[in-house]
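Asks: Chains as they are written, first to last, in our numbering: chain A, 11 to 284; chain B, 874 to 1164. Structure incoming, see below.
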């Protein structure tokens, strides 16, 4: 019995120690690399601070923020009206801060010669109306469409900016991460997919497709010329103060923090000095 | 009367707690499913043919997902059963004692491979192989998923079959031997007809295991919500749908309730399959005791 009690209290103490983090960050897997690198650099500067970073999706992050389980919610999309209303009903106003930009690029296998498509052609391909590469100036082979799972933030942007309300063909293969899209495309000449700009360098077997002549570059995205760019957010409970504001505003939005954003493959919110 | 001490209390309460938790899970599934029918009609949910949960207005037809799951499970069971039978026969009748022991160890080792590892093999090795050999549009399809599920289920099915063959009533075997039957004749004419019941139950239990398996199908089935026509078509099974979509679904939306509905469908089908499997097994055991 005594031994049992010892084990019991030991495990209780262990589970309680989870709450000893000064900052908890939860949410989008797209924002995850930024949050992780920021947390590491920040903890190196402030050894007394402990930060826990979890990547489980924008929806879950915002849910955790609403329930008071996290200090910061990472999100790769705007909050939905229902979520904002829920936050207000719980007595606080969510405060989204843009921490970086992301651009989504259509990608194909390097051995596929197609390098330029219009938004209409992309829509046609994803609707299932254009089914062969020869219809868009490529070799005569079928088009295999790859999409992200329909609850990912990347997919939501694609649906909003390319599909514009049209349904993606049911034949589209669905994968759960950017890395998997890259892997499928590098293995298969017939595939078209889309990834965040940070993943374009991850394989030499993939090539990005320009949209009506505009390539997904940092400059084009920040200038608003590239049609498939989106902001990435960290959302706080009300106007940030204390450690939260020190972390996001004093560190994350500083040149040092934005240098990290660039390093992990996203677009900094302002031009960094060389 | 037996003395009741602290250990008894702990055992008793943990038994009851697990019962209560299971009932709570069932309640939880229903509680999070039922609000869906305020927004979507049951006919549309069960028989709709389009799964587009994020468009406006959303479409929650689970029929293609259910068909995909059933197709993958059946195909995988068709592969699992004969292979397990052959493995079992080799282990119990053909292999010399030493190899038999090694095989048993290997089988047990095989059963401890996590499903995510099998998924990874299907994803990174088998899919590109299938693509090139059969010149397919994609190697992520029903065939690939079923094959990986088969590898997952064989150890379980084979070791259960082995248990039944080893514990087969010795009188019947000796009777057959007295009539001059060879080992193979005993196997085919005495044991397998006599073990029909347990083998059916093994099939059902394997089916239950395959039906709810998530990681492998999520990784290698291709996840395209269509009615698959051939085994080389991609498909989107029920379990993979929950795993892929739950992460970013806002609580309290119709999509959230629909995913719980899918969970409930899997739960009920698995429950029915397992009940049939157990029922067959119990009936067989009763018969054996009577004879």
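We treat Cβ as the ideally placed atom computed from N, Cα and C, and that holds for glycine.
Can you grab the Cα-Cα spacing for the pair residue 940 of chain B / residue 949 of chain B, in whole Å?
Replies: Going by the C-alpha atoms only, they are around 14 Å apart.
Asks: Measuring alpha carbon to alpha carbon, tell me which of A/107, A/174, A/109 ends up nearest residue 130 of chain A.
Replies: Comparing Cα positions, the closest option is A/174.
Asks: Please work out which residues of its chain come closer than 6 Å, Cβ to Cβ, to residue 117 of chain A, disregarding the five sequence neighbours upstream and downstream, and give them in chain order.
Replies: The residues are 195, 203, 205, 216, 218.
Asks: Is there a C-beta anywhere in chain B that falls below 8 Å from the one on residue 28 of chain A?
Replies: Confidence in residue 28 of chain A is poor, its pLDDT being 46 and thus under 50, which makes the residue's placement unreliable; the coordinate value appears in the next sentence. No, residue 28 of chain A lies away from the interface with chain B (no Cβ there is under 8 Å from its Cβ).
Asks: Rounded to a whole number of angstroms, what is the C-alpha to C-alpha distance between residue 886 of chain B and residue 878 of chain B?
Replies: Roughly 12 Å separates the two Cα atoms.
Asks: For residue 89 of chain A, report the span of its beta strand (DSSP E) as first-last.
Replies: Neither: residue 89 of chain A is in no beta strand (DSSP E) and is coded neither H nor E.
Asks: Go through its chain and collect everything with a Cβ distance to residue 1149 of chain B's Cβ below 7 Å, but skip five positions before and after it.
Replies: For residue 1149 of chain B, where only same-chain residues beyond five positions count, the Cβ hits under 7 Å are 1077.
Asks: Using a Cβ cut-off of 8 Å (strictly closer), state whether residue 73 of chain A contacts chain B.
Replies: At least one chain B Cβ lies under 8 Å of residue 73 of chain A.
Asks: Taking the C-alpha atoms as reference points, what is the distance between residue 132 of chain A and residue 172 of chain A?
Replies: Roughly 7 Å separates the two Cα atoms.
Asks: Rounded to the nearest angstrom, what separates residue 938 of chain B and residue 146 of chain A at their Cα positions?
Replies: Each residue's Cα considered, the two are about 32 Å apart.
Asks: Assuming residue 1135 of chain B and residue 935 of chain B form a contact by the criterion Cβ under 8 Å, report the distance between their Cβ atoms to the nearest whole angstrom.
Replies: Yes, residue 1135 of chain B and residue 935 of chain B are in contact; Cβ-Cβ is about 6 Å, under 8 Å.
Asks: Identify every residue that forms a DSSP beta bridge with residue 932 of chain B.
Replies: Partner(s): B/925.
Asks: Mind listing the chain B neighbours of residue 182 of chain A? Cutoff is C-beta to C-beta under 7 Å, in chain order.
Replies: Chain B residues near residue 182 of chain A: 1097.
Asks: So if I threshold CB-CB distances at 7 Å, which residues from the region 78-92 of chain A count as touching chain B?
Replies: Within the region 78-92 of chain A, the residues whose Cβ lies closer than 7 Å to some Cβ of chain B are 90, 92, listed in chain order.
Asks: Out of B/1022, B/1005, B/955, B/1000, which one is the CA nearest neighbour of residue 983 of chain B?
Replies: Closest by alpha carbon: B/1022.
Asks: Applying a beta-carbon distance threshold of less than 9 Å, which residues of chain A neighbour residue 988 of chain B?
Replies: Neighbours of residue 988 of chain B on chain A: none; closest Cβ ~15 Å, over 9 Å.
Asks: Going by Cα to Cα distance, which pick from B/1087, B/1086, B/1063, B/1156 is closest to residue 1048 of chain B?
Replies: The residue with the shortest Cα to Cα distance from residue 1048 of chain B is B/1063.
Asks: If distances are taken between C-alpha atoms only, which option among A/189, A/138, A/209 comes closest to residue 997 of chain B?
Replies: Nearest of A/189, A/138, A/209 to residue 997 of chain B, Cα basis: A/189.
Asks: Within 10 angstroms of its Cβ, does residue 77 of chain A collect 16 or more other Cβ (buried), or is it exposed?
Replies: It is exposed - the Cβ of residue 77 of chain A has fewer than 16 other Cβ atoms within 10 Å.
Asks: Please return the same chain residues whose Cβ sits closer than 8 Å to the Cβ of residue 258 of chain A, not counting the five positions on each side in sequence.
Replies: So the qualifying residues of the chain are 82, 107, 109, 244, 246, 250.
Asks: So the candidates are B/1156, B/986, B/1122, B/964; which of them puts its Cα closest to the Cα of residue 1070 of chain B?
Replies: Nearest option by C-alpha distance: B/1156.
Asks: If you reduce the DSSP assignment to three classes, tell me which class residue 881 of chain B lands in.
Replies: Three-state DSSP puts residue 881 of chain B in a helix.
Asks: Relative to the alpha-carbon of residue 74 of chain A, which residue among B/1105, B/1130, B/1123 has its alpha-carbon at the smallest distance?
Replies: Closest option to residue 74 of chain A, Cα to Cα, is B/1123.
Asks: Return helix, strand or coil for residue 894 of chain B, following the three-state DSSP convention.
Replies: Correct three-state label for residue 894 of chain B: helix.
Asks: If I measure Cβ to Cβ from residue 966 of chain B and keep anything under 8 Å in the same chain, skipping five residues before and after, which residues do I get?
Replies: Correct list, in chain order: 1056, 1057, 1060.
Asks: Please tell me whether residue 242 of chain A has its Cβ less than 8 Å away from any Cβ of chain B.
Replies: Cβ-Cβ to chain B under 8 Å: no for residue 242 of chain A.
Asks: Within its chain, find whatever has a CB closer than 6 Å to the CB of residue 209 of chain A; leave out the 5 residues flanking it on each side and keep chain order.
Replies: The answer, listed in chain order, is 188, 192.
Asks: Going by beta carbon distance, what residues of the same chain come within less than 8 Å of residue 186 of chain A, once the five residues before and after it are set aside?
Replies: Result list for residue 186 of chain A: 158, 159, 162, in chain order.
Asks: Restricting to runs no shorter than 4 residues, where is the alpha helix (DSSP H) found entirely within the region 232-275 of chain A?
Replies: Within the region 232-275 of chain A, the complete alpha helix (DSSP H) runs of at least 4 residues are 252-255, 265-273.
Asks: On a Cα-Cα basis, can you pick out the residue from A/85, A/122, A/113 that is closest to residue 8 of chain A?
Replies: Because chain A in this structure spans residues 11 to 284, residue 8 of chain A falls outside the shown range and cannot be described.
Asks: So is residue 1020 of chain B in contact with chain A if we call contact Cβ pairs under 8 Å?
Replies: It does not; no Cβ of chain A falls within 8 Å.
Asks: Just tell me which of A/155, A/31, A/271, A/261 has its CA closest to the CA of residue 178 of chain A.
Replies: Nearest C-alpha to residue 178 of chain A: A/155.
Asks: Please say whether residue 1086 of chain B and residue 988 of chain B have beta carbons closer to each other than 8 Å?
Replies: Taking 8 Å as the Cβ cut-off, residue 988 of chain B and residue 1086 of chain B qualify as a contacting pair.
Asks: Give the residues of chain B in contact with residue 169 of chain A, contact being defined as C-beta atoms less than 8 Å apart.
Replies: The contacting residues are 927, 928.
Asks: Indicate whether at least one CB of chain B lies closer than 8 Å to the CB of residue 146 of chain A.
Replies: For residue 146 of chain A, the answer is no, since every Cβ of chain B falls outside 8 Å of its Cβ.
Asks: So with CB distances below 8 Å, who are the chain B contacts of residue 189 of chain A?
Replies: Under the 8 Å cutoff, chain B gives no residues; its nearest Cβ is about 11 Å from residue 189 of chain A.
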